[in-house]
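First up is the structure itself, then whatever we jot down about it.
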Amino acid sequence: GMWNTLVSCILWLSALTNCLIFGFTSDQLMQYLPQFYHLNEHGHTRLAEGKGYIVIFIIFGVERLLVCTGLLIYAIVPEIPEDVMNQLEHRHYIRMEESKREKNRRMSSISITGGMLGNHYEALNKH
Numbered sequence: 008g009m010w011n012t013l014v015s016c017i018l019w020l021s022a023l024t025n026c027l028i029f030g031f032t033s034d035q036l037m038q039y040l041p042q043f044y045h046l047n048e049h050g051h052t053r054l055a056e057g058k059g060y061i062v063i064f065i066i067f068g069v070e071r072l073l074v075c076t077g078l079l080i081y082a083i084v085p086e087i088p089e090d091v092m093n094q095l096e097h098r099h100y101i102r103m104e105e106s107k108r109e110k111n112r113r114m115s116s117i118s119i120t121g122g123m124l125g126n127h128y129e130a131l132n133k134h
C-alpha cells in the first residue's frame, strides 16, 4: 500500500544521501584515498585541486553499486517465502475440496428429498 511505497522511496534515497555523507562530510573517504584531499591553512579538509571529479565519480559509483545490489536482491528474494506460499496453496486446496464436498452433499440431499417427494406424488396420483 501507501506505506510500502513511502518506505521504499526512503530506502532508495538513503543510498544516495549516505554516499554523499560518506564522500563530503565524513573523513572516511579521505582515510581511504588521501591523495584526493588536502588540508587548508585553517585545518579543514578540502578536495585536492583537479581531483573533485574523481571523488564525485567514486561517490556516485558506490551509490549506483548499492542501488544495483538492492535491485538484484529485490529481484531474487520473493515477496512471500516459499513455505508460506505452500501453506497458502494448501489452505486454498483444502477449502476448495471442502466446498466441493459440501456442494455434493447438498446435491445428494436434494435428489434424495426430490426422489422421495416424487414417489409420494406418484402414489397420490394413482389413487
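Heads up, the sequence shown is in the working numbering, so the first residue is 8 and it goes up one at a time. A virtual CB, placed ideally from N, CA and C, is assigned to each residue, including glycine.
Residues near residue i by beta carbon distance below 8 Å, same chain, minus five either side
i	result
residue 55	42, 43, 44 and 45
residue 18	77
residue 49	none
According to DSSP, residues forming a beta bridge with residue i
i	result
residue 52	46
Inter-residue CB distance, residue i and residue j (contact presumed, cutoff 8 Å)
i	j	result
residue 30	residue 74	Between residue 74 and residue 30 the Cβ distance is about 16 Å, and since that is not below 8 Å, they are no contact.
Reference residue i; option with closest CA among the options
i	options	result
residue 81	35, 58 and 15	15
residue 72	10, 23, 13 and 11	23
residue 11	59, 86 and 64	86
Chain-order list of residues whose beta-carbon lies under 7 Å from that of residue i (same chain, five-residue window excluded)
i	result
residue 52	34, 37, 44 and 46
residue 107	none
Contacts around residue i, its chain only, beta-carbon distance under 6 Å, and the 5 residues preceding and following it disregarded
i	result
residue 95	none
Would you call the region 29–44 and the region 85–93 touching, i.e. three or more CB-CB distances under 8 Å?
-> These segments do not touch.
Can you find at least 3 beta carbon pairs, one from the region 58–74 and one from the region 102–118, that sit closer than 8 Å?
-> Flag = no, the region 58–74 and the region 102–118 do not touch.
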